[in-house]
Amino acid sequence: MKEDARVFTGSSFLVVVVVVVVVVVVVVLILRTCQVKGDAWKFDCFPKGSHTQAECEARGCCWCQAKRFQPSLREDVPACYYPTDYDSYRVVYVETKPRGIELKMNMHRPSPYPGNVPKLLARFDYLSNSVLSIR
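34 is the number that the UniProt record's numbering gives to position 34 of the sequence shown; each next residue is one higher, with no gaps.
Right, here's the structure in full:
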């Protein structure tokens, strides 16, 4: 009797398991970043003109078109909105000062709007227990 049946060896089975786990984790992370607390948390990623799902996703945004005949949905809820982990800027330096904090940030991902600024400096100064100055 000829044995043509292919059997996973220990190492090839491990590779298959690792690949499946990685794919599942990536899918879960993608879906989770597009889930928001509610419609009020959806910040429009494509505020001007009409757009398609492909155009929305090309910007790195989430697409969830409102279903018809749902009276609870408002007309101004965007179908294309920023994911919860959309990071335009990343903090590269933090300096704690006696009366505040200074942050330096570099652009990680340009926004779809004109006039992107590649570097930002933000200063938070505590003027009193109830007043914060942000520059």
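A virtual CB, placed ideally from N, CA and C, is assigned to each residue, including glycine.
Residue interval of the alpha helix (DSSP H) (run including residue i)
i, result
"residue 54", "53-58"
Span separating the alpha-carbon of residue i from that of residue j
i, j, result
"residue 97", "residue 123", "10 Å"
"residue 127", "residue 53", "46 Å"
"residue 38", "residue 83", "13 Å"
"residue 34", "residue 62", "6 Å"
"residue 140", "residue 76", "An answer regarding residue 140 cannot be provided, because it is not within the stretch 1 to 135 covered by the chain."
"residue 105", "residue 94", "9 Å"
Span of the beta strand (DSSP E) around residue i
i, result
"residue 44", "Unbroken run through residue 44: none, as it is neither H nor E."
"residue 91", "89-97"
"residue 125", "119-126"
"residue 100", "100-107"
Classification of residue i by the beta-carbon crowding that lies within 10 angstroms, buried from 16 upward
i, result
"residue 113", "exposed"
"residue 110", "exposed"
"residue 40", "exposed"
"residue 78", "buried"
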